[in-house]
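Trainee: In this text, residue positions in the sequence shown follow the working numbering: the first is 2, and each later residue adds one. Handing you this structure, nothing more for now.
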Amino acid sequence: MRLPRGVPFLAAALTAVTLAGPGPSAEAADSGGHCARLEHVRVPGAALQREACLDDLTTTGLAGTDYTDPADQAGLTAAGTTSPSGVPGVQIDGYFPDSSRFNTTHGWRHDAQFVIRLPDRWNGGVVVTGAPGNRKQYATDKAISDRVLAQGYAYAATDKGNSGTDFYRDGVRPGDAVAEWNARTTQLTRAVRRVVAQRYGHEPRRTYITGISNGGYLTRWQLENHPGLYDGGVDWEGALWTADGPNLLTSLPATVARSLGAARDEDLYAAGFARGSEFLWPYHEKAYWGVTQKIYRAEFDPAYDPHCPGPTAGSSPEAILAPCASDAAYDYAARPASVRRAVARVALTGRIGKPLITLHGDLDALLPKAADSDVYARMIDERGRGALHRYYTVAGGTHVDGLYDTHPDRLRPILPCYRSAFDTLTAWVERGTPPPADRTVGEPADGDVVDSCPLR
C-alpha cells in the first residue's frame, strides 16, 4: 500500500424499474468523433493508463472483451434484469502507484486499478463508485455503470486499492487496508473530475457517489468526510463500522457459533438477523459468514488468532470459505482498546454533508438492517443531518440480487429500487424535488419486481 504524494492517507474514517429519466444533453465530446484527441486525456497521478474508443461502453457491447469482467459481477444482479446498451465513448483503464499486488486484472498484478468511461453524449455529470465486497473495478458494470452511462453520465470505479480474501495483508497497521479504500475513492474522484474537464472542456456540473455493500460504506464515508467533492449519493446496503459497535465483528460471531453448533437461532435474532430470513441462512453459512468474519477480524484484530486465517485465507475454495473455530467465541467488546482504535480510523459518524439515500433489504442475511442501516439512520438524525437523508427499506430484498433467481417466490431484487433511488436523488439535488419520506417499499402494482420499483 503506497499512495502518491499529495494524496493523504486518510486515517479519519463489504465484501433494480428502469426509469427513463432526463435524456443526456447534446454535449458531444468533440466535433471529431469519439476517437479524436485521446492523447490529450490524461488521468492525473496514474502510473499507467490505456485508452480505447468503443462503439458501446455497456456490458452488452463489452461482452467477450477485456474491458469488463462478468466473473467479477457474478451474483450481484438478477438474471432477468433489463439493461440499456448502445453507448459509444471512451474507456480508460489503468492504475495509480501502489505497492500491493492483489489485483491481477489485465495481467498487471497491481492494485489501485480503475476504470473510467466517458460517453460521447455527456450530460455534465459524473458517477463514482468503489467495488463491493472484495471484488474489483468491473464489479458494478451491470448494476450501476450501464444505466448511468445511458443517461449520459461519465462513470469511474476503483478496486479500492486492495481486493480478494487476502486484502487484510495490505498495509502495516490494523485497519490500513480499509482506510486505503477511502483514500483511493477520494483520489479517483478528484482525478475523474479533471479527466472530464480535459475531454469535454469543463469540470462536471454534478458529481455523485454511490455503491453496494462496501461501496455503500464508501458512499457514507465520502459524504461525511469530503462533502465538497460531491452533490449527493445513494447507499445500497452499506457496511457499518463504528468503534464501539455495531459492526461486522459484533454481528457475525453469532453466525459462526451457530454454524459450529455453539449458538441458537435466538442468538442470531439478538444480533439483528431478521425473523423470516432463516431460509437464506444455509447459503450464507457456506458462502459468506465464516470467511467474512475471519478476514475482517484479521484486518482489525490480527492478534486474536494469528494462525487463522494466517498469511492467507486459504488456497482452495473450501479453505477460504471455512470459518475459524476461534471466531465462534469472538467478543468484540472484550478485545483490547487497540482494536476499537483500529476500527475508529475508518468509523462512520452520521455527519453527512450532502443528500444521501439509503436502501436496505429487510431480508439481508449478511448485513442485517437492524444492526446496520437502522443504526446509521439514527446516527444521522442524532447529528442533526436528518433533512439530508432518506431511508427506504426494500421488502423482500437481500444482500445480493442473484439470490432472487433461487428464491423468486420469497425475494425481490433491489436493483430496480436503486435505479429509482438514483433518479430520486438527482431530482432532489438538481430540481429541488422533495424525495418521498422514509418508508418500506412494497411490490410494484404491475408485479414486475425485476424491472420495476416506484418509490412513491
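Even for Gly, the Cβ is constructed at its ideal location relative to N, Cα and C.
1. Which ranges would you report for the alpha helix (DSSP H) in the stretch 95 to 152 if only whole runs of at least 4 residues count?
2. Can you find the residues in the same chain that come closer than 7 Å, C-beta to C-beta, to Thr-16, ignoring five residues on each side of it along the sequence?
3. Over what stretch of residues does the alpha helix (DSSP H) that includes Val-173 continue unbroken?
4. What is the rounded straight-line gap between the Cα of Ser-421 and the Cα of Asp-306?
5. Excluding the 5 residues flanking Lys-137 on each side, which residues of the same chain have their C-beta closer than 8 Å to its C-beta?
6. Counting along the chain, where does the beta strand (DSSP E) carrying Gly-234 start and finish?
7. By DSSP, does Tyr-68 sit in helix, in strand, or in coil?
8. For Val-91, list the residues DSSP reports as bridge partners.
9. Restricting to Cα atoms, I'd like to know which of Thr-66, Thr-83 and Pro-254 is closest to Gln-92.
10. List the residues that DSSP assigns as beta-bridge partners of Ile-210.
11. Would you check if the stretch 350 to 363 and the stretch 387 to 401 touch, i.e. whether three or more CB-CB distances between them fall below 8 Å?
12. Going by DSSP, what residues sit across from Tyr-419 in a beta bridge?
13. To which residues of the same chain is Phe-423 closer than 6 Å at the C-beta, ignoring the five residues directly before and after it?
14. Considering only their Cβ atoms, is the gap separating Val-127 from Thr-208 smaller than 8 Å?
15. Any idea which residues DSSP pairs Val-442 with across the strands?
16. Can you check DSSP and say which residues form a bridge with Ile-353?
17. Does the Cβ of Gly-1 have 16 or more other Cβ atoms within 10 Å, making it buried, or fewer, making it exposed?
18. For Gly-362, which residues does DSSP report across the bridge?
19. Between the alpha carbons of Asp-456 and Trp-222, how many angstroms are there, rounded?
20. Going by DSSP, what residue range makes up the beta strand (DSSP E) through Thr-159?
21. So what does DSSP say about His-400, is it helix, strand or coil?
22. Taking the alpha carbon of His-285 as the reference point, which residue from Arg-170, Leu-404 and Pro-312 has its own alpha carbon closest?
23. From the DSSP output, in three-state form, read off Pro-437 for me.
24. For Trp-242 versus Ala-348, is the C-beta spacing smaller than 8 Å?
25. If you compare alpha carbons, which of Arg-148, Arg-170, Gly-131 and Pro-435 is closest to Gly-87?
26. Taking the C-alpha atoms as reference points, what is the distance between Pro-89 and Ala-157?
27. Please determine, among His-390, Lys-287 and Tyr-331, the residue with the shortest C-alpha to C-alpha distance to Glu-319.
28. Whole-angstrom Cβ separation of Pro-356 and Gly-233, contact assumed at under 8 Å?
29. Can you tell me whether His-408 is helix, strand or coil according to DSSP?
30. Mind checking who Leu-49 pairs with in its DSSP beta bridge?
31. Would you please state the rounded distance, in angstroms, between the beta carbons of Ala-326 and Asp-167? I believe it to be under 8 Å.
Mentor: Working from what's here:
1. 147 to 151
2. Mapped onto the sequence shown, residue 16 falls at position 15. For Thr-16, the predicted structure reports a pLDDT of 34, less than 50, and the residue's modelled location is therefore unreliable. A value from the coordinates is still provided. Closer than 7 Å at Cβ, skipping near neighbours: Pro-133, Gly-134, Asn-135, Ser-214, Asn-215 and Thr-293.
3. Along the sequence shown, one-based indexing puts residue 173 at 172. DSSP places Val-173 in no alpha helix (DSSP H); its state is neither H nor E.
4. Counting from one through the sequence shown, the residue named residue 421 turns up at place 420. Counting from one through the sequence shown, the residue named residue 306 turns up at place 305. Those two C-alpha atoms are separated by around 44 Å.
5. By one-based count along the sequence shown, residue 137 stands at place 136. For Lys-137, where only same-chain residues beyond five positions count, the Cβ hits under 8 Å are Asp-70, Asp-73, Asn-104, Thr-106, Gln-114, Asp-160 and Ser-164.
6. Position 233 of the sequence shown holds residue 234. 233 to 237 is the span of the beta strand (DSSP E), which, as asked, contains Gly-234.
7. Against the sequence shown, residue 68 aligns to sequence position 67. Coil at Tyr-68, not helix or strand.
8. Position 90 of the sequence shown, counted from the first residue, corresponds to residue 91. Answer is Cys-54 and Leu-119.
9. Walking along the sequence shown from the start, residue 92 turns up at place 91. Checking every option, the nearest Cα to that of Gln-92 belongs to Thr-66.
10. Numbered from 1 along the sequence shown, position 209 holds the residue referred to as residue 210. Note: Ile-210 sits in a beta bridge opposite Val-129 and Gly-234.
11. yes
12. For the purposes of this step, residue 419 is taken as residue 418 along the sequence shown, with counting starting at 1. None; Tyr-419 has no bridge partner.
13. Position 422 of the sequence shown holds residue 423. Here the set comprises Val-235.
14. For the purposes of this step, residue 208 is taken as the residue at position 207 of the sequence shown. For the purposes of this step, residue 127 is taken as the residue at position 126 of the sequence shown. Result yes, Cβ atoms of Thr-208 and Val-127 sit closer than 8 Å.
15. What you label residue 442 is simply residue 441 of the sequence shown in a count that begins at 1. Val-442 is bridged to Val-395.
16. Start at 1 with the first residue of the sequence shown, and residue 353 comes out as number 352. Answer by DSSP bridge pairing: none, since Ile-353 is not bridged.
17. Summary: the structure shown does not reach residue 1, with the chain confined to residues 2 through 457, and so no result is reported for it.
18. Here residue 362 is taken as the residue at index 361 of the sequence shown, counted from 1. Answer is Val-395.
19. Here residue 456 is taken as the residue at index 455 of the sequence shown, counted from 1. Here residue 222 is taken as the residue at index 221 of the sequence shown, counted from 1. Contrary to the premise, residue 456 reads as Leu rather than Asp in this sequence. Whole-angstrom Cα-Cα distance: 25 Å.
20. Here the question's residue 159 lines up with position 158 in the sequence shown. 155 to 159 is the extent of the beta strand (DSSP E) around Thr-159.
21. Walking along the sequence shown from the start, residue 400 turns up at place 399. Looking at His-400 - three-state DSSP - the assignment turns out to be coil, as it is neither helix nor strand.
22. Walking along the sequence shown from the start, residue 285 turns up at place 284. With distances taken between Cα atoms, His-285 lies closest to Leu-404.
23. On the sequence shown, residue 437 is found 436 positions in, with the first residue counted as 1. Reduced to three states, the DSSP call for Pro-437 is coil.
24. Start at 1 with the first residue of the sequence shown, and residue 242 comes out as number 241. Start at 1 with the first residue of the sequence shown, and residue 348 comes out as number 347. A contact, by the Cβ cut-off of 8 Å.
25. Counting from 1 along the sequence shown, the entry for residue 87 is found at position 86. Among Arg-148, Arg-170, Gly-131 and Pro-435, the Cα nearest to that of Gly-87 is on Arg-148.
26. Translated into the one-based positions of the sequence shown, residue 89 becomes position 88. Translated into the one-based positions of the sequence shown, residue 157 becomes position 156. Roughly 16 Å between the two C-alpha positions.
27. Here residue 319 is taken as the residue at index 318 of the sequence shown, counted from 1. If we check each option's Cα against that of Glu-319, Lys-287 comes out closest.
28. By 1-based counting over the sequence shown, the position of residue 356 is 355. By 1-based counting over the sequence shown, the position of residue 233 is 232. At roughly 4 Å, the Cβ-Cβ gap stays under 8 Å, so Pro-356 and Gly-233 are in contact.
29. Within the sequence shown, residue 408 is the residue found at index 407, counting from 1. Correct three-state label for His-408: coil.
30. To locate residue 49, count along the sequence shown from 1; it is residue 48. The partner list for Leu-49 (beta bridge, DSSP) reads Tyr-96.
31. In the sequence shown, residue 326 corresponds to position 325, counting from 1. In the sequence shown, residue 167 corresponds to position 166, counting from 1. At roughly 20 Å, the Cβ-Cβ gap does not stay under 8 Å, so Ala-326 and Asp-167 are not in contact.
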